[in-house]
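Q:
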Amino acid sequence: MGRKRRYSPKEFKQAVEKYFRSITFIRTIRDEYNKPLLDVDGNEIKLLEYASPPSLGELRRAIGISADTWSEYAKLDGYRETCADARERVECWLERELVSRQKGVEGIKFNLANNYGWNSESRREIKLQKDAVSETRPLSIEEKLAIIADAADSMCGVRTASGADNDEK
């Protein structure tokens with residue numbers, strides 16, 4: 328039998344919520360005359376803010392568990408949902424910071440790419456058939472462009488400059 332867990336699922340959820348409440352405040356958005364701005368339904372627009380950046384590391388320290396214990400909890404029924412929710416809250420904050428900051432986003436990009444599976448580069452790889460490339464001589468730029476155009480046509484079904492149309496069957 329394994330050792331007793333520090334938190335029951337309910338206590339764990341409460342501890343995680345306590346961490347987020349301890350760094351959270353709500354700010355009403357106001358205009359230049361200090362009047363609250365209203366949404367389309369007539370409600371005051373309120374913005375959830377953090378007094379300090381939320382992070383899973385700080386959360387773990389605040390509730391007194393190690394990264395290994397967090398990983399174990401993330402696999403267990405009753406705990407998994409709380410871990411996923413906390414992770415998503417931190418990711419949402421990082422995403423908001425990424426789009427709202429004017430500078431200093433490299434660390435956020437690194438964090439999102441390495442800890443949240445974001446791909447920081449938008450690229451498409453085209454795989455060519457082996458017989459499409461000559462192994463005996465380098466291809467000219469025109470030949471390379473033709474191979475890429477053919478690959479793009481087959482992926483997108485678009486009409487090329489040569490008049491070929493992959494949409495028609």
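With my numbering, the residue at position 19 of the sequence shown is 346, and numbering never jumps.
Note that beta-carbon positions come from the ideal geometry of N, C-alpha and C, so glycine has one too.
Given the structure is predicted, the values throughout are model-derived calculations rather than measurements.
#1: With distance defined between alpha-carbon atoms, name the residue in E469, Y334, A476, W445 nearest to S393.
#2: Can you look up I474 in the DSSP assignment and give me helix, strand or coil?
#3: Let me check understanding here. Comparing Cα to Cα, which of G405, R357, A478, E415 lies closest to F339?
#4: Less than 8 Å between the beta carbons of F352 and E376, yes or no?
#5: Would you mind sorting V417 into buried or exposed? The rule is 16 or more other CB atoms within 10 Å of its CB.
#6: Relative to the C-alpha of R358, which candidate in E422, K345, I372, G431 has its C-alpha closest?
#7: Would you decide whether S461 is buried or exposed? Buried here means 16 or more other CB atoms lie within 10 Å of its CB.
#8: Could you compute how far the alpha carbon of C410 sits from the alpha carbon of D368?
#9: Does the Cβ of A389 lie closer than 7 Å to at least one heavy atom of the ligand FAD?
#10: Secondary structure at E371, three-state DSSP: helix, strand or coil?
#11: Using a C-beta cutoff of 8 Å, does I390 count as contacting chain D?
#12: Can you give me the Cβ contacts of E534 inside the same chain, cut-off strictly under 7 Å, excluding the 5 residues immediately before and after it?
#13: Return the CA-CA distance between N438 and R464, expressed in angstroms with no decimal places.
#14: Between C419 and A473, what straight-line distance do the alpha-carbon atoms span, to the nearest angstrom?
#15: Select from L421, S398, A478, N370 the residue whose C-alpha is nearest the C-alpha of S379.
#16: Run the CB neighbour count on V343, radius 10 Å, all protein chains shown included, and call it buried at 16 or more, exposed below.
A: This is what the structure gives:
#1: Reading the sequence shown from its first residue, position 66 is the one you call residue 393. Taking only the C-alpha atoms, the option nearest S393 is Y334.
#2: Against the sequence shown, residue 474 aligns to sequence position 147. Helix, per DSSP.
#3: Working through the sequence shown from its first residue, we reach residue 339 at position 12. Comparing Cα-Cα distances from F339 to each of G405, R357, A478, E415, the minimum goes to G405.
#4: On the sequence shown, position 25 is the one that residue 352 refers to. On the sequence shown, position 49 is the one that residue 376 refers to. Yes.
#5: Taking the first residue of the sequence shown as 1, we reach residue 417 at position 90. Buried is the call here.
#6: Along the sequence shown, read from residue 1 onward, the residue named residue 358 stands at position 31. Sequence check: residue 358 is Asp here, not Arg. Nearest option by C-alpha distance: I372.
#7: The count along the sequence shown starts at 1 and reaches residue 461 at position 134. Unreliable placement is indicated for S461, whose pLDDT of 47 sits below 50; no coordinate value is reported for it.
#8: Counting from 1 along the sequence shown, the entry for residue 410 is found at position 83. Counting from 1 along the sequence shown, the entry for residue 368 is found at position 41. Cα to Cα, the separation comes out at about 34 Å.
#9: The ligand FAD is not part of this structure, which contains no ligands at all.
#10: Here residue 371 is taken as the residue at index 44 of the sequence shown, counted from 1. Strand, per DSSP.
#11: In the displayed structure, chain D is absent; only one protein chain is listed.
#12: Outside the modelled stretch of the chain, which goes from 328 to 496, sits residue 534, for which no answer is possible.
#13: Here residue 438 refers to the residue found at position 111 when the sequence shown is read from its first residue. Here residue 464 refers to the residue found at position 137 when the sequence shown is read from its first residue. One C-alpha to the other measures close to 44 Å.
#14: Start at 1 with the first residue of the sequence shown, and residue 419 comes out as number 92. Start at 1 with the first residue of the sequence shown, and residue 473 comes out as number 146. Straight-line Cα distance between these residues: approximately 43 Å.
#15: Counting from 1 along the sequence shown, the entry for residue 379 is found at position 52. Looking from the CA of S379, the closest CA among L421, S398, A478, N370 belongs to L421.
#16: Indexing the sequence shown from 1 puts residue 343 at position 16. V343 is buried by the Cβ-count criterion.
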